[in-house]
Amino acid sequence: MEGFRFNEEYLSQIPALQLLINLGFKYLTPDQALAARGGKTGNVLLEEVLRERLKKNNRIQYKGQSYLFSEENIQTAIQRLKNVKYDGLLKTNEAIYDLLTLGVALEQSIEGDSKSYTLNFIDWKNPGNNDYHVTAEFSVERSKSEETCRPDIVLFVNGIPFTVIECKSPKVEVGQAVSQMIRNQRDEYIPKLFTYAQLVVGVNKNAGQYATSGTPAKFWALWREQLDEHQFVAGAANKSLATEDKDALFSGDFAIARSFFDALEREGVRQVTEQDRTIYSLCRPERLLDLALQFTVFDGGIRKIARYQQFFAIKRVIQRVKNRDDIGRRLGGIIWHTQGSGKSLTMVMLARALAMDPDIRNPRVVLVTDRVDLDKQLGNTFAACGLSPDRADSGRHLLELVSENKAHIVTTLIHKFDKALSIKKHIEESADVFILVDESHRTNFGGFAARMRQMFPMACYLGFTGTPLMKKEKNNFSKFGGLIDTYAIDQAVKDGAVVPLLYEARHVEMEQNEKAIDTWFERHTQGLTDAQKADLKKKYSRAEMLNKADQVIYMRAFDISEHFRQNWQGTGFRAQLVAPSKAAALMYKKFLDDIGHVTSEVIMSPPDTREGNEETDDEPTDLVVAFWEKMMKRYGSEEEYNKQVINQFKYGDEPEILIVVDKLLTGFDAPRNTVLYLTRKLREHTLLQAIARVNRLYDDDEGTQPKEFGYIIDYAGVLGELDQALTTYSALDGYDEADLAGALTSISEEVSKLPQRHADLWDLFREVKNQHDEEAYEQLLADEKLRADFYERLSAYAKTLAIAMSSEQFIVSTPEKKLQSYKNDLKRFTNLKASVKLRYAESVDYRDFEPKIKKLLDTHITASEVIRLNDPVNIFDEKAFKQVVEEQGESKATAAKADMIAHATKKAISERLEQDPAFFEKFSKMIQQAIDDFRA
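The sequence shown begins at 282 in this note's numbering and counts up one residue at a time.
Now the structure itself:
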C-alpha cells in the first residue's frame, strides 16, 4: 500500500463520496453533472433528472381515474423553480423553500373540466420516491463573471441541489471550510447555488459543522448523534462500492487515487471518523428530508436549522405525547434546555411538528408565560417564523379564543385563566390541546396553575425551563411526566452554543489610607494622562461628602466605571448593572454620569408604592417618580421607552452600561452584552437567569467571534470567592451539584493559566542564544509551521493576559515587576508578529485586532510602540511596492529586506497561478530556489 496521504482529496473528499454513494446517492462525474444541466455552468438544476421524477411522482386523481400532468405543465413547473427572481440570498432561499414544501398550483383540463392541481417537487412523506445524486467539483459560474467556483461536493434531490459540502485536510480547521462556504454565498460569487441549498456542511476527517444558507459563522453547529448507530455508520463507511460506482468515482481527476483506495480496502475495515458520523447523521436521505421539512424555520427572514438537542428533544416529545394515561390524557413532561440554547425556537419547531404529525388530529397549542415581556417575545418569535399566534389580551378574550375554537395557536399570561373562569366556567375536554409552559419552574404551581388545569383537564402539559430544576421541583414535576429531555449548561459550553462565564468577587473598601489610595490609582488608571488622573482623584474624593449608604453606591460606581473603561470601552461589548432598588439604580446612573467616563441608561418598571424593595423615605420615591415622568414625557409610553433604550443598547454606540433592577434579568437576549455587575443579592433561578444574560455568542462586523467569555463581577458577595462547590452557597443550595456543572468558573482558574502560556511562548525561542537579537527571532520564524505555532501561542497568551488585567485580585497579588514583565513581553512579541508578517508576505488577519486584545494594547502599551501591520502589497505595482520596501525596510538588515521582497514576490505569483499556470509555477520555483540559496 502507498504511504499515508494527508491531502484533502484522500482524507476527506473521496471518503465522503464513498459514504454518500453507500447511503443511496448515485454518483455523477463532473462531466455527467454538467451534461444533466444542459452544459451550462450558470444552471444549477439537473433538469432532465427533475423532469423525469416530476412525471413519476405526480398524478391527478379525477373521477376515480389517475392522469399525468401535461408536458407543458411539467415544463412550467421546472421554469417556476428555475426562474425564481433573485432578491438577495435569504429571501430567494425562502421563496424556493416555499415552492419545494408547498408545490405549485397548475391548471389542467381533464375531459373538458379545467381545474387547478398541485404539483410537488419532492415526495416528503415517502423518501424512497425521490432520486438522490452526488457529484464532486461542481463548477458554477460566478455572478456577472465568466469565472467559476467549484464546491467540493453537492447533493441533489430530484435534480435540485439540496446540500453543499466543503472538505478540508485534517491539517486545516473546519472553520476554514465554513469561511469558504460563507464567501461562496456572497453576491459576487455563486449565491444562485445556495438559494436552493437546504443544508451546508463543512468537514475534515476529525470534525464537522453544519448550517443553512446565509448562516453567520457563529451559528454553525456540530451534531452529536443521540441514537446508537455506530454499526450502521461503520457498515456504510466500509461497504465496497459496486464496480459501476467505483468506475465512475475513480475517473477523471480521481483516477490516480484508485490504487490507494483499492489497497486501503484490501487492508480491512477502516475506523469510523467524525466526518463519517457527521455526514451519516445529517445527509442520509430520510434525515436530510426530515431536517429540511420539519426542522428549519425562517425567523424574521433569517433561516435557522435545529441544533441536535432541539431535534432529539422534539422527537422525544412527539413520541411521549402519543402515549396516554388511564383516562386518555396524553403524557407530558419537562424540557430543560439551558439558557441561550434556543428554547423559543424549540417551542416553534415543536408546535409545527405537532401540527404536521398525521397521528395527531386538529392539534391546538396554548403558549403560557407569567410576564408580559415574555408573552410578547414568544408571540413575536412564533409570528416571525410564520405561525401567527393569537395573543389573548384579556381574560374575556382568552375565553373567546378557547371556547369558540378560533385559533390553532394562542399565547396568554397564566393569570388570565383565573379571570376567564370568573367570567364563565368553561371546560375544554379535548386531549389534542397542548399547553406549552415557558419558564415552567415559576408557572406550574399555585392558584393560577390550578385554574389553568381546570379549564384544560385533558390537555397535554409540556413545560420548558432554561435553568436546572431544584431538588424539590424534580419531585413535584415527576407527578405529571418528569423530564423528557435535558441539555445541561456544561454541554452547551462544550458544544460552543454559549460562551463560558468567568466569575470574580470584587470588594470596595470604604476606608483606605492615602498610600493604599495612591497604589490603587497607579494600577487602575493606566492609559490616562496626568491631568486625567488628577481629575479622577478629585472625583474619587467626593465619596467622603456622602452618607454611608450613598458612599457604597458611589465607590462601586467608581470601580465599575474604571473597570469598564480599562477593559471594555471601545471594544463594542456592553455591560449590565443589577441594582438593589429603583432608587439605587438612579443613584448609580447619577454617579456614573458625574464620573463621566462611561455612558449608561436605566430600564425599570413603573413606580409602585407597594414594592417592598423601595426606600421608605420621601426622597427616593420622589426621585423614582420624577424619573418615570421624565421618561414618559420623552418616549410617550412604557413600551416605546423600553424599545428605544434596549435597541440603543443592542445596536447603538450608547449606552455602554444598562442599569436594571428586576427587568431584563430573564428572557433578554443581547449578544454583545458581556459583563454583568451584580450589586444586589440574587438567588436560585433568578441568579442563574441573570448570569445567562452574558452567555450569548457574538459576531462582529467582520464575522469573527471575539467574545470568548461572559464576565460576572460580584460586588454583593453572592458567591464569595467561588472557591467551593456552587451548591455550598446559600444562593444555590437547592440544586444538585451535577446540574450546575459548567455554570460558572472562577476567573482565578483562567488567570492561573497565564504563567504556563507565558512560558510556552518563550519556549519557542529556546534556540535563540541572544535574547536581544531581533534578527535571530525573525530568522527562526522563517519556518511557516513554527510561525503558525507562534501566532497561536501569542494569541492564547494575550487573551489570558487580558483576562488577568481585568481581575482586581490578580493586579493586587502580582508584584509590580512581574506585571511589567508580562506587559513588556506582550509588546515585544506583538511587534515581532507584525514584523515577520511583513517580512514573509503574509496577509493581515483581522483577528490580530480582536477588540479585547486591542484594548489591552491600547491601555497598557502606547500606540507608537506597536508596529502597524500593512495590507498585502501588489508587487506588480512598482511604485507602491518600492514605497513599502523603503518605509518598512529602513531599520531592516539586508537579509530582512531580501526576505520581504522575495516572499512578497512569491505570494503574488502564487495568487496568479490560474492566469498562466506553466509560467507562474516555473517562476515560483525559481523564487523559492533563490530564497533557499540566500539562506544556505
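The beta carbon of each residue, even a glycine, is placed where N, CA and C say it ideally should be.
Item: Figure out for me which residue from Ala-544, Asp-606, Arg-505 and Pro-670 has the closest Cα to the Cα of Ser-562.; Value: Arg-505
Item: Could you check what DSSP says for Gly-660 in three-state terms: helix, strand or coil?; Value: helix
Item: Which ranges does the beta strand (DSSP E) cover as unbroken runs of at least 3 residues, wholly within the region 568-594, from first to last along the chain?; Value: 577-580 and 583-586
Item: Please list the segments of the alpha helix (DSSP H) lying wholly inside the region 476-532, counting only runs of 4 or more residues, in order along the chain.; Value: 511-519 and 524-530
Item: Note down, in chain order, each residue of its chain lying with its Cβ closer than 7 Å to the Cβ of Asp-713, except the 5 sequence neighbours on either side.; Value: Ile-641, Arg-642, Asn-643, Pro-644 and Arg-645
Item: Can you tell me whether Gly-851 is buried or exposed, with buried defined as 16 or more other CB within 10 angstroms of its CB?; Value: exposed
Item: What residue does the alpha helix (DSSP H) around Thr-357 start on, and which one ends it?; Value: 352-363
Item: Under a three-way DSSP split, which group does Lys-396 fall into?; Value: strand
Item: Between Gln-600, Leu-648, Gln-620 and Thr-619, which lies nearest to Asp-638 when the distance is taken from Cα to Cα?; Value: Gln-600
Item: Tell me the DSSP secondary structure of Phe-1046 in three-state form.; Value: coil
Item: Counting only the same chain and skipping the five closest in sequence on each side, list residues whose C-beta sits under 7 Å from that of Lys-1281.; Value: Summary: the structure shown does not reach residue 1281, with the chain confined to residues 282 through 1217, and so no result is reported for it.
Item: Would you mind working out which of Gln-832, Lys-473, Thr-373 and His-618 sits nearest Asp-1020, comparing C-alpha positions?; Value: His-618
Item: Cβ of Asp-719 within 8 Å of Cβ of Leu-764?; Value: no
Item: Looking only at C-alpha atoms, which of Asp-607, Asp-571, Phe-579 and Leu-631 sits nearest to Val-598?; Value: Leu-631
Item: Taking one C-beta from the region 873-889 and one from the region 922-941 each time, how about it: are there three or more such pairs within less than 8 Å?; Value: yes
Item: Buried or exposed for Asn-339, please, with buried defined as at least 16 other CB atoms from any protein chain shown within 10 angstroms of its CB.; Value: buried
Item: In whole angstroms, what is the alpha-carbon distance linking Pro-861 and Val-774?; Value: 30 Å
Item: Phe-845 and Ile-695 look like a contact to me (Cβ under 8 Å); what is the Cβ gap, rounded to whole Å?; Value: About 38 Å separates the two Cβ atoms, so there is no contact after all.
Item: What is the DSSP secondary structure of Asn-954, counted as helix, strand or coil?; Value: strand
Item: With a CB to CB cut of under 8 Å and the five nearest residues on each side skipped, what residues in its chain are close to Ile-295?; Value: Leu-530, Phe-535, Ala-538 and Phe-542
Item: Beta strand (DSSP E) containing Thr-1229: first to last residue?; Value: As shown, the chain starts at 282 and ends at 1217. That puts residue 1229 outside it, with no answer to give.
Item: Who does Val-780 pair with in a DSSP beta bridge?; Value: According to DSSP, Val-780 bridges with nothing at all.
Item: Which same chain residues, not among the five before or five after Tyr-869, have their C-beta less than 7 Å away from its C-beta?; Value: Ile-834, Ala-838, Leu-858, Ala-860 and Ile-940
Item: Which term fits Asn-364, buried or exposed, when burial requires 16 or more other beta carbons within 10 angstroms of its beta carbon?; Value: exposed
Item: What does the alpha-carbon distance come out to for the pair Leu-648 and Ile-690?; Value: 8 Å
Item: Look up Phe-253 in the DSSP assignment and give the residues it is bridged to.; Value: Residue 253 is absent from the model: the chain starts at 282 and stops at 1217.
Item: Please report whether the beta-carbon of Leu-1100 lies at a distance below 8 Å from any beta-carbon of chain B.; Value: Included in the structure is just one protein chain, with no chain B present.
Item: So for Lys-1099, helix, strand or coil by DSSP?; Value: helix
Item: Between Gly-1170 and Arg-1120, what straight-line distance do the alpha-carbon atoms span, to the nearest angstrom?; Value: Residue confidence for Gly-1170 is low, a pLDDT of 49 falling below 50, so the modelled location carries little weight and cannot support an answer.
Item: How long is the line joining the alpha carbons of Glu-352 and Ser-675, rounded to whole angstroms?; Value: 55 Å
Item: Residue range of the alpha helix (DSSP H) that Ile-377 falls in?; Value: 370-383
Item: Just tell me which of Val-789, Gln-847 and Gln-813 has its CA closest to the CA of Gln-832.; Value: Val-789
Item: In its own chain, which residues sit with a C-beta less than 6 Å from the C-beta of Val-550, not counting the 5 before and 5 after it?; Value: Asn-519
Item: So, is Ile-434 buried or exposed, given that buried needs 16 or more other C-beta atoms within 10 angstroms?; Value: buried
Item: Can you find the residues in the same chain that come closer than 7 Å, C-beta to C-beta, to Glu-289, ignoring five residues on each side of it along the sequence?; Value: Cys-448, Lys-449 and Ser-450
Item: Among the residues of its own chain, which have a CB less than 7 Å from the CB of Leu-680, if the five just before and after it don't count?; Value: Ala-701, Ile-704, Lys-705 and His-707
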